Amino acid sequence: MNKNVLRKILRSFRQHISAFDIGILVVGFICLLVFFLFFYRKSETITIRVKVTDQDVLYQRTEPTMWYANRFFVGDKELDALGRTITEIVGIDMFPVDSKHKAVYLDLKVKAVYDTRTKTYSTHGKTLMFGTPMRFNVSKVTFDGFVTEFPGSEKDAGVKIGKATVKALARNLEPSIASAITPGSKILDSNQLLLAEITDVTVTPAEKVTTTDAGDLLLRYDPLYKDALITVDIRTKTVGKDVYIFDNLPLKIGEPLPLHLENVSVPSNIDNRGIPSNLDTKNIFPIIVNFTYGLPAGRQGFRLGQSRDAMGFRYVEAHLQNP
Numbered sequence: 001m002n003k004n005v006l007r008k009i010l011r012s013f014r015q016h017i018s019a020f021d022i023g024i025l026v027v028g029f030i031c032l033l034v035f036f037l038f039f040y041r042k043s044e045t046i047t048i049r050v051k052v053t054d055q056d057v058l059y060q061r062t063e064p065t066m067w068y069a070n071r072f073f074v075g076d077k078e079l080d081a082l083g084r085t086i087t088e089i090v091g092i093d094m095f096p097v098d099s100k101h102k103a104v105y106l107d108l109k110v111k112a113v114y115d116t117r118t119k120t121y122s123t124h125g126k127t128l129m130f131g132t133p134m135r136f137n138v139s140k141v142t143f144d145g146f147v148t149e150f151p152g153s154e155k156d157a158g159v160k161i162g163k164a165t166v167k168a169l170a171r172n173l174e175p176s177i178a179s180a181i182t183p184g185s186k187i188l189d190s191n192q193l194l195l196a197e198i199t200d201v202t203v204t205p206a207e208k209v210t211t212t213d214a215g216d217l218l219l220r221y222d223p224l225y226k227d228a229l230i231t232v233d234i235r236t237k238t239v240g241k242d243v244y245i246f247d248n249l250p251l252k253i254g255e256p257l258p259l260h261l262e263n264v265s266v267p268s269n270i271d272n273r274g275i276p277s278n279l280d281t282k283n284i285f286p287i288i289v290n291f292t293y294g295l296p297a298g299r300q301g302f303r304l305g306q307s308r309d310a311m312g313f314r315y316v317e318a319h320l321q322n323p
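Numbering (full-length UniProt numbering), first residue to last: 1 to 323.
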């Protein structure tokens, strides 16, 4: 009996529907399909990398302090109201940038939505793009950071990892400090990746300029303090034509070279009188005077060296050469 009822319904439907009605139904179905494909959002679990910054917006460019950076650990999670994991720390890269702060990069596994129309991911209510600021609340710590990597970003970044040999000059060191800077000293990140290694150290009496009664300038050597010319093999990051070391420090003549060594504490700056101020730190901040690094074939690079002028002062020469 049910079959007879179904046949009657189908027969009645065919009698009351026209070709125009069928066309309307087909067009409506196509519109629904296009609407679905156009606005379709696919939920995925992806891995992104964020750089941790200061929570205060006025100091967002600063690095987190040591004690704050040490609160992160792999496996820490952020849960939603239903107890589902929406963020999980799966990797940590950190290294000291001075005696009080660390650069911290976190690899996060997050629940994200992929927009097929714009071909972008979004999570925590924000579209994932380079520089997107975000706040995360894992179980042990709340932190702010901005996105540095996400699926597909590697193709557009153009970042090349390399190595440079840097010569840096540290002036007016205590003899005990100068002798503690030894070849073989290394700087490692939290994953034991080699960031820098001292390969050679040349220690000489500190150069000083004195003035005679007649006003003449003379170059003399200090009987106590030392100058140290430090040669360092250091990991570099090249973006376009710019070369960086230790996260975001430009590799240029005259820039300070922060070498955070566990067994060395030296004056890291000069006060307004030109006298080294003895800070309670474990950092070397010599000034870069020479560097060489590899460039792709066909490009030109700088061969940098130092010389002395007629007064005996060091100055820097840059000679263009083909590698």
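In this text, a Cβ means the ideal position worked out from N, Cα and C, and glycines have one as well. Only a predicted model underlies this, so the values are computations on that prediction, with no experimental measurement involved.
Is the beta carbon of residue j closer than 8 Å to that of residue i?
i: Glu-174; j: Tyr-225; result: yes
i: Val-50; j: Phe-146; result: yes
i: Lys-111; j: Ser-176; result: no
i: Ile-187; j: Lys-237; result: no
i: Pro-258; j: Asp-144; result: no
i: Thr-165; j: Asp-233; result: yes
i: Val-201; j: Ala-228; result: yes
i: Phe-136; j: Thr-85; result: no
i: Phe-291; j: Lys-126; result: no
i: Leu-218; j: Thr-212; result: yes
i: Val-113; j: Gly-91; result: no
i: Val-141; j: Phe-72; result: yes
i: Thr-62; j: Asp-54; result: yes
i: Val-203; j: Ala-178; result: yes
Terminal residues of the continuous beta strand (DSSP E) containing residue i?
i: Met-134; result: 133-137
i: Ile-86; result: 85-96
i: Ala-164; result: 159-173
i: Thr-123; result: 120-123
i: Lys-77; result: 77-79
Short of 7 Å in beta carbon distance, which residues of its chain neighbour residue i, apart from the five on each side in sequence? Order them along the chain.
i: Arg-299; result: Note that Arg-299 scores a pLDDT of 37, beneath 50, so its modelled location is shaky; the value from the coordinates is reported in the next line. The answer is none, since no qualifying residue turns up.
i: Ile-48; result: Leu-108, Val-110, Leu-128, Val-147, Glu-149, Phe-150
i: Pro-96; result: Lys-102, His-260
i: Arg-273; result: Residue placement at Arg-273 cannot be trusted, given a pLDDT of 32 that sits under 50; what the coordinates show is reported in the next sentence. Within the same chain, Arg-273 has no close Cβ partners at all.
i: Gly-240; result: Gly-158
i: Lys-100; result: Thr-65, Met-66
i: Ala-19; result: none
i: Gly-215; result: none
Please confirm if residue i has its CB atom under 8 Å from at least one CB of chain D.
i: Val-90; result: No chain D is present in this structure, which holds just one protein chain.
Can you list, in chain order, the residues of its chain with a C-beta nearer than 6 Å to that of residue i? Leave out the 5 residues immediately preceding and following it.
i: Asp-247; result: Ala-103
i: Ala-69; result: Met-94, Lys-102, Val-104
i: Thr-231; result: Lys-167, Thr-199, Asp-200
i: Thr-123; result: Val-110, Ala-112
Just grab the DSSP bridge partners of residue i for me.
i: Ile-46; result: Val-110
i: Gly-145; result: Val-52, Met-134
i: Ile-198; result: Val-232
i: Ser-179; result: Partner(s): none; Ser-179 has no beta bridge.
i: Thr-204; result: Asp-227
i: Leu-188; result: Leu-194
i: Ala-103; result: Phe-95
i: Phe-150; result: Note: Phe-150 sits in no beta bridge, so no partner.
i: Val-209; result: Leu-219
i: residue 324; result: The question about residue 324 has no answer, for the chain in this structure spans 1 to 323.
i: Leu-249; result: Ile-245
i: Thr-292; result: Thr-165
Residues in the same chain with beta-carbon distance under 8 Å from residue i, minus the five sequence neighbours each way, listed in chain order, please.
i: Ser-153; result: Phe-130
i: Tyr-244; result: Thr-236, Lys-237, Thr-238, Pro-250, Leu-251
i: Glu-78; result: Thr-85, Ile-86, Thr-87, Glu-88, Phe-136, Asn-137, Val-138, Ser-139
i: Asn-4; result: none
i: Ser-190; result: Ile-92, Asp-93, Met-94, Phe-95
List the endpoints of the continuous alpha helix (DSSP H) containing residue i.
i: Met-129; result: From DSSP, Met-129 is part of no alpha helix (DSSP H); its letter is neither H nor E.
Jot down the residue ranges of each uninterrupted alpha helix (DSSP H) in the region 211-244, minimum 4 residues, whole runs only, in chain order.
none
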